[in-house]
Amino acid sequence: MAMAAEGGAETARRAGRPASLELLFDLVYVFALVSLTKTLADDVSWTNVARTVVLLLAFTLVWSLTTWAADSIGLDRPLVRWQIIGVAAASLLLASAAPDAFGERGLLFAVTYVTIHLGSGTYYLVAHVLSGSDPAEPRRSVRVLLWEAVAAVGWIGGALVDGPARLAIWALTVALEYAAVVLGWPLPRIGRSRAREWRLTGERVAERYRQFVIIALGVSLLVIGTTFSQKEYTLDRGVALAVVFTTVVLMWRIYIYRAGELLTEAIARSTDPSLLTQSAAFTHLIMVAGIAGSAVTGHLVVGRPFGDTPPSWAAVILGAPALFLVGRGLLDYTVFGRISRSRVAGLALLGALAPVSTLLPPAVRALLATAVLALIAAANLVSTRLHARDPRPPMLG
Numbered sequence: 060m061a062m063a064a065e066g067g068a069e070t071a072r073r074a075g076r077p078a079s080l081e082l083l084f085d086l087v088y089v090f091a092l093v094s095l096t097k098t099l100a101d102d103v104s105w106t107n108v109a110r111t112v113v114l115l116l117a118f119t120l121v122w123s124l125t126t127w128a129a130d131s132i133g134l135d136r137p138l139v140r141w142q143i144i145g146v147a148a149a150s151l152l153l154a155s156a157a158p159d160a161f162g163e164r165g166l167l168f169a170v171t172y173v174t175i176h177l178g179s180g181t182y183y184l185v186a187h188v189l190s191g192s193d194p195a196e197p198r199r200s201v202r203v204l205l206w207e208a209v210a211a212v213g214w215i216g217g218a219l220v221d222g223p224a225r226l227a228i229w230a231l232t233v234a235l236e237y238a239a240v241v242l243g244w245p246l247p248r249i250g251r252s253r254a255r256e257w258r259l260t261g262e263r264v265a266e267r268y269r270q271f272v273i274i275a276l277g278v279s280l281l282v283i284g285t286t287f288s289q290k291e292y293t294l295d296r297g298v299a300l301a302v303v304f305t306t307v308v309l310m311w312r313i314y315i316y317r318a319g320e321l322l323t324e325a326i327a328r329s330t331d332p333s334l335l336t337q338s339a340a341f342t343h344l345i346m347v348a349g350i351a352g353s354a355v356t357g358h359l360v361v362g363r364p365f366g367d368t369p370p371s372w373a374a375v376i377l378g379a380p381a382l383f384l385v386g387r388g389l390l391d392y393t394v395f396g397r398i399s400r401s402r403v404a405g406l407a408l409l410g411a412l413a414p415v416s417t418l419l420p421p422a423v424r425a426l427l428a429t430a431v432l433a434l435i436a437a438a439n440l441v442s443t444r445l446h447a448r449d450p451r452p453p454m455l456g
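Mind the numbering: the sequence shown is residues 60 to 456 in the numbering used here, read in order.
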């Protein structure tokens with residue numbers, strides 16, 4: 060049985076498919092995204108938006124580092140499989156604490172988050188040293204471990220204070236963590252980590268990124284459907300449900316056509332495939348944030364389709380697709396070395412709608428945002444049929 064499982068994991072790695080264990084791991088992050096979106100939907104304020112962004116960045120960093128490590132080392136190795144199971148268990152606790160992370164469960168969230176990073180780093184470091192593997196692997200673990208040890212001070216320290224101070228400390232800490240990722244976790248004497256050291260399999264990691272987007276879209280549908288089922292069935296709510304569902308479908312269509320489909324080929328053609336693979340993670344993070352915003356939009360619009368639109372609601376309804384388009388435009392650059400004009404036009408249209416739609420009810424504002432996405436999807440289809448698109452990733456390295 061163990062040999063069969065290992066063979067299945069290795070087959071998935073070679074074929075570029077996520078292994079079944081990774082699919083199980085991702086189910087925990089479905090729960091995490093649902094927790095974050097519902098917490099934001101219950102209190103759409105600028106402070107809560109900032110809190111949600113900080114927590115989303117924290118969850119995404121755990122997901123990304125776990126994905127990169129699994130691909131770099133190989134899912135066929137038992138030490139990786141056990142580590143993923145351990146991170147999944149801790150992430151479930153992390154997601155459970157997230158709704159009250161800025162309240163009474165702040166210390167639980169911080170300790171769990173720090174334990175995931177320090178535990179993973181220590182686990183891989185010891186395993187690499189004992190196995191006598193490539194010297195680059197222990198150095199990589201040391202870099203990540205020491206930077207996360209520094210970040211642990213911020214997470215624990217922030218959990219020990221209340222109010223705006225916790226948000227400020229955690230925001231600075233997660234910004235430090237992402238800066239470390241971008242810089243390659245630099246350390247004196249041993250330098251910084253190069254993307255090539257991770258030896259990422261572009262095809263498989265690209266598929267994992269696509270899966271991350273599908274998870275976010277699935278969470279949007281789950282939140283929207285749950286909201287509709289809990290409210291009284293009325294015609295206006297049925298119309299609102301159709302509008303927000305169409306938005307989710309259009310986001311999927313715009314993502315996958317064609318840059319989402321061609322990401323794997325773009326990575327293969329890149330001058331630095333590992334670096335392009337890592338940079339693509341940030342573009343997908345932005346898109347996932349936009350999709351999560353659409354889940355909040357669905358909750359708000361289906362719950363109350365008509366009536367006054369509070370400014371915070373208006374910002375989410377138009378801001379979510381705008382954020383998605385920013386990420387999608389960056390994905391265009393990653394794959395084609397250029398940003399599609401339809402993304403820029405879509406952002407301009409959403410910006411133009413902001414002041415003129417202030418008096419419109421939530422469902423109508425959402426319908427206008429959906430119309431913009433529909434125009435972009437149509438423009439993509441026409442453009443691709445007139446001009447074939449081949450991957451031309453930017454020069455890196």
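The beta carbon of each residue, even a glycine, is placed where N, CA and C say it ideally should be.
Exposure of Thr106 is indicated by the presence of fewer than 16 other C-beta atoms within 10 angstroms of its C-beta. Contact between the region 344-359 and the region 402-417 is not established, with fewer than three Cβ pairs separated by less than 8 Å. Taken atom to atom, the span from the alpha-carbon of Gly405 to that of Ala381 is near 8 Å. Residue Ala208 holds the alpha-carbon nearest to the alpha-carbon of Leu246 among Ala218, Val278, Ala208. For Ile313, the enclosing alpha helix (DSSP H) has its first and last residue at 294-314.
Look at Gly250 here: in three-state DSSP terms it is strand. Look at Val220 here: in three-state DSSP terms it is coil, with no helix or strand label. Between Leu235 and Ala211 the beta-carbon gap is near 11 Å, outside 8 Å, which marks them as no contact. Closest option to Ser353, judged by alpha-carbon separation, among Ala339, Val302, His187: Val302.
Here the alpha carbons of Thr368 and Leu419 stand approximately 7 Å from one another.
The C-alpha of Ser329 is placed about 11 Å away from the C-alpha of Phe395.
For Gly388, same chain residues with a beta-carbon under 6 Å away, outside a window of 5 residues either side, are Ile398, Arg402 in chain order. When C-beta atoms of the region 162-182 are compared with those of the region 214-224, three or more pairs fall below 8 Å, so the two segments count as touching.
In this structure, Val103 lies near Val375, with their beta-carbon atoms less than 9 Å apart. Residue nearest to Trp122 within the set Tyr268, Leu259, Leu426 is Tyr268 (criterion: CA-CA distance). The residue among Pro421, Leu322, Ile228 with its C-alpha nearest the C-alpha of Pro370 is Pro421. Shown here, Thr126 sits in a helix according to DSSP, grouped into three states.
Annotation: the continuous alpha helix (DSSP H) that includes Thr171 extends over 165-190. Val173 is classed as buried because its beta carbon has at least 16 other beta carbons within 10 Å across all chains shown.
Just so you know, the alpha carbons of Ala129 and Arg263 end up roughly 11 Å apart. With fewer than 16 other beta carbons inside 10 angstroms of its own, Ser190 counts as exposed. One alpha carbon belongs to Ala425, the other to Val431, and they sit about 10 Å apart.
Burial check for Trp141: the Cβ neighbour count within 10 Å stays below 16, so the residue is exposed.
Three or more beta-carbon pairs separated by less than 8 Å link the region 155-165 to the region 88-103, which places the two stretches in contact. Where Glu81 is concerned, the enclosing alpha helix (DSSP H) starts and stops at 79-101. Per the coordinates, the alpha-carbon of Arg199 lies some 15 Å from the alpha-carbon of Gln337.
Excluding sequence positions up to five before and after Arg110, its CB lies within less than 7 Å of the CB of Phe161, Leu226, all in the same chain and listed in chain order. Of the candidates Met454, Trp127, Phe118, the residue whose Cα lies closest to the Cα of Thr260 is Trp127. Here Ile398 carries a coil assignment [DSSP, helix/strand/coil]. Burial is judged here by how many other beta carbons sit within 10 angstroms of a residue's own beta carbon; Met310 has at least 16 and is buried. Secondary structure at Pro380: helix, using DSSP grouped into helix, strand and coil. The beta carbon of Leu455 is closer than 7 Å to those of Ser329, Thr330, Asp331, Leu334, Leu335 in its chain, skipping five residues each way along the sequence.
In the structure shown, Arg263 adopts helical secondary structure according to DSSP, grouped into three states. Thr356 carries a helical assignment under DSSP once its states are collapsed to helix, strand and coil.
The alpha-carbon separation between Asn439 and Ile315 amounts to approximately 11 Å.
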